Amino acid sequence: MTLRLLVLAVCAIGAGAAQTPPPGSAPSVSIVSPAEGTYLSGPVLLRAIINPSRAVANAVFYADGEQVCSISRPPFECDWDAGGPVIEHHIRLVATLRAGGRIVRTVRTKGVGYAENVDVDVVQVTATVSKDGHFVHGLPASAFHVWEDGVPQTITSFSDSSVPLDLVVAVDISGSMAAAMPRLRTAAREFLTAIPEKDTVTLLAFNDNIFPLARKATSTADRAGAVERLAPWGMTALYDVVIKSIELLGTRRGRKAMVVFTDGEDQGSHATLDDALARVQETDAAIFMIGQGRGTSLENLQKVMHRLAEPTGGRAVFTQKVDDLQKVFRELLDELSNQYLIAYAPTNTKRDGTSRTIKVQVDGYRHVRARQGYRAPSR
19 MTLRLLVLAV CAIGAGAAQT PPPGSAPSVS IVSPAEGTYL SGPVLLRAII NPSRAVANAV
79 FYADGEQVCS ISRPPFECDW DAGGPVIEHH IRLVATLRAG GRIVRTVRTK GVGYAENVDV
139 DVVQVTATVS KDGHFVHGLP ASAFHVWEDG VPQTITSFSD SSVPLDLVVA VDISGSMAAA
199 MPRLRTAARE FLTAIPEKDT VTLLAFNDNI FPLARKATST ADRAGAVERL APWGMTALYD
259 VVIKSIELLG TRRGRKAMVV FTDGEDQGSH ATLDDALARV QETDAAIFMI GQGRGTSLEN
319 LQKVMHRLAE PTGGRAVFTQ KVDDLQKVFR ELLDELSNQY LIAYAPTNTK RDGTSRTIKV
379 QVDGYRHVRA RQGYRAPSR
């Protein structure tokens, strides 16, 4: 994993108010990205949730005293580059109310308290715990234990699914999907609109090309509208879309996942399977592969989908009937709602580009699915 820093922190959202309107009339305003106490570097999404949004005339994000963007309608978000060095940043949101007055929210991120020539590599691991076929939530950090290459590691950060999720969903729209597309749209719409609005959803359609239909959408209306633009034609570039999805999730800190739906083997990618597997080793996102229809009878495709998903702590699912997709998506939503996110600083600090294995155990539970490894950064 070629990241200078990959860590997660979950704390209360910083808050302050200026010229706050009378009690009972103020909308709910909160910064959900970045989280308080997060370590940042590179591209970052600044995002706020305002409810009701109509109560606000505009919202302005400031980073370290400089205005980043001004937004007059949802989604209240914009991109910002935190730069390379991991230093402390002050993020401020000023919401101007239509009724008069302002509401101010602030978040302070952390800097690395080491000399500039010290490299900091933190590994992020997604895990789920189940018992008797049901996911287990509410477990404390003390119940989790992590080993890298057989050596115990110290957990430096821990959180559950209350952390906002950055989700990429990629849907195969090759010509073979024509008959199934209406029911697929229904299942995908139900899935995407059920994801909480604190989470972002990027929807990609792919055949032998890749088509972004929604980027980091938070509103259910935007997600549902994007699903309606799914239309079948062309071939299948499976490996390309896996790599593109990983790129879109990027190196931002926090909980990340991708869902890839297909009914056939790769036919049109520029990338190879080895290219895709190499990128899988670099991502801390959980990958879920869904095979449908004729894809369930292709042994090679099933093996490929397992190889892409399982090392990340995700899984591959297969269904013969498109009518079963709603059940598959509901189960996936349940899983995403019961994830744990663990971070640790490896005791092996060598930047040698080698593959490292990860093992996660949880006190009192045998069924734990988690990220299985990563490739160490190289100098």
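Sequential numbering of the sequence shown, starting at 19, is according to my numbering.
Quick reminder that beta carbons are idealized off the backbone N, C-alpha and C, glycines included.
A quick note: this is a predicted structure, and the numbers were derived from the prediction, not measured.
Contacts around residue i, its chain only, beta-carbon distance under 6 Å, and the 5 residues preceding and following it disregarded
{"i": "Leu-343", "result": "Ala-205"}
{"i": "His-163", "result": "Gln-379"}
{"i": "Val-136", "result": "The pLDDT assigned to Val-136 is 30, lower than 50, so where the model puts this residue is not dependable; a value taken from the coordinates is nonetheless given after this. Within the same chain, Val-136 has no close Cβ partners at all."}
{"i": "Thr-375", "result": "Asp-167 and Gly-391"}
{"i": "Ile-89", "result": "Ala-77"}
{"i": "Val-277", "result": "Val-187 and Phe-306"}
{"i": "Arg-207", "result": "Ala-242 and Val-245"}
{"i": "Asp-226", "result": "Gly-252, Met-253, Ala-255 and Gly-286"}
{"i": "Thr-314", "result": "Phe-336 and Gln-338"}
Through-space distance from residue j to residue i, alpha-carbon basis
{"i": "Ala-289", "j": "Lys-262", "result": "11 Å"}
{"i": "Gln-299", "j": "Pro-70", "result": "41 Å"}
{"i": "Lys-339", "j": "Gly-311", "result": "6 Å"}
{"i": "Gly-268", "j": "Glu-317", "result": "31 Å"}
{"i": "Gly-272", "j": "Leu-64", "result": "13 Å"}
{"i": "Pro-40", "j": "Ile-121", "result": "Here the model assigns Pro-40 a pLDDT of 49, short of 50, so the residue's position is not dependable, and the following value carries that caveat. C-alpha separation (whole angstroms): 11 Å."}
{"i": "Gly-151", "j": "Glu-349", "result": "11 Å"}
{"i": "Ala-334", "j": "Ala-113", "result": "43 Å"}
{"i": "Val-322", "j": "Leu-291", "result": "8 Å"}
{"i": "His-155", "j": "Gly-118", "result": "42 Å"}
{"i": "Val-140", "j": "Thr-365", "result": "10 Å"}
{"i": "Ile-105", "j": "Trp-165", "result": "29 Å"}
Residue of the options minimising C-alpha distance to residue i
{"i": "Asn-356", "options": "Ala-161, Ala-100, Ser-180 and Asn-76", "result": "Ser-180"}
{"i": "Arg-241", "options": "Thr-220, Leu-202 and Asp-258", "result": "Thr-220"}
{"i": "Gln-142", "options": "Ala-197, Arg-123, Ile-173 and Gly-252", "result": "Ile-173"}
{"i": "Val-125", "options": "Ile-109, Arg-116, Ala-197 and Ala-327", "result": "Ile-109"}
{"i": "Trp-98", "options": "Asp-82, Ala-113 and Val-62", "result": "Val-62"}
{"i": "Ser-46", "options": "Ile-68, Asp-293 and Ala-223", "result": "Ile-68"}
{"i": "Leu-111", "options": "Ala-44, Ile-105, Val-86 and Ser-396", "result": "Val-86"}
{"i": "Ala-388", "options": "Ala-394, Pro-395, Ser-396 and Lys-377", "result": "Lys-377"}
{"i": "Val-260", "options": "Asp-281, Gly-282 and Arg-297", "result": "Arg-297"}
{"i": "Met-199", "options": "Thr-280, Thr-314 and His-107", "result": "Thr-280"}
{"i": "Lys-368", "options": "Pro-395, Leu-266 and Gly-83", "result": "Pro-395"}
{"i": "His-53", "options": "Arg-91, Ala-44, Gly-83 and His-107", "result": "It is worth fixing the name first, because residue 53 is Ala in this sequence and not His. Taking only the C-alpha atoms, the option nearest Ala-53 is His-107."}
Chain C contact for residue i (CB, 9 Å cutoff)
{"i": "Arg-348", "result": "Absent from the structure: chain C. Only one protein chain is present."}
Residues of its chain near residue i, where Cβ-Cβ distance is below 8 Å and the 5 sequence neighbours each way are ignored
{"i": "His-385", "result": "Val-147, Ser-148 and Lys-149"}
{"i": "Ile-213", "result": "Leu-183, Leu-185, Val-219, Arg-241, Leu-351 and Leu-354"}
{"i": "Arg-116", "result": "Arg-72, Ala-73, Val-74 and Ala-75"}
Per DSSP, cross-strand counterpart(s) of residue i
{"i": "Lys-149", "result": "His-152"}
{"i": "Gly-252", "result": "Note: Gly-252 sits in no beta bridge, so no partner."}
{"i": "Gln-357", "result": "Answer by DSSP bridge pairing: none, since Gln-357 is not bridged."}
{"i": "Val-86", "result": "Beta-bridge pairing links Val-86 to no other residue."}
{"i": "Leu-379", "result": "Residue 379 is actually Gln in this sequence, not Leu. BP columns for Gln-379 point to His-163."}
{"i": "Ile-67", "result": "Ser-48"}
{"i": "Asp-97", "result": "Leu-63"}
{"i": "Tyr-362", "result": "Val-141 and Ile-173"}
{"i": "Thr-280", "result": "Gly-309"}
{"i": "Val-122", "result": "Val-112"}
{"i": "Asp-184", "result": "Thr-218 and Lys-274"}
Residue i beta carbon near the ligand COA (any heavy atom closer than 8 Å)
{"i": "Ser-90", "result": "Among the ligands in the structure shown, none appear at all, so the ligand COA cannot be discussed."}
Whether residue i touches residue j by CB criterion (9 Å)
{"i": "Tyr-436", "j": "Ser-177", "result": "Because the chain in this structure spans residues 19 to 397, residue 436 falls outside the shown range and cannot be described."}
{"i": "Pro-93", "j": "Ser-237", "result": "yes"}
{"i": "Pro-182", "j": "Lys-216", "result": "yes"}
{"i": "Val-50", "j": "Ala-73", "result": "no"}
{"i": "Ile-360", "j": "Ala-145", "result": "yes"}
{"i": "Ala-13", "j": "Lys-274", "result": "Since the first residue of the chain shown is 19 and the last is 397, residue 13 is not available in this structure."}
{"i": "Thr-372", "j": "Thr-330", "result": "no"}
{"i": "Leu-319", "j": "Leu-295", "result": "no"}
{"i": "Leu-248", "j": "Leu-202", "result": "yes"}
{"i": "Ala-161", "j": "Gly-382", "result": "yes"}
{"i": "Val-169", "j": "Ala-223", "result": "no"}
{"i": "Ser-194", "j": "Arg-123", "result": "no"}
{"i": "Ala-100", "j": "Ala-81", "result": "yes"}
Cβ neighbours of residue i in the same chain (closer than 7 Å, five flanking residues each side left out)
{"i": "Ser-284", "result": "Position check: residue 284 holds Asp in this sequence, whereas Ser was assumed. Result list for Asp-284: Thr-254, Ala-255, Leu-256 and Tyr-257, in chain order."}
{"i": "Ala-244", "result": "Leu-221, Leu-231, Ala-232 and Ala-235"}
{"i": "Ala-159", "result": "Ile-173 and Phe-176"}
{"i": "Asp-370", "result": "Ala-394 and Ser-396"}
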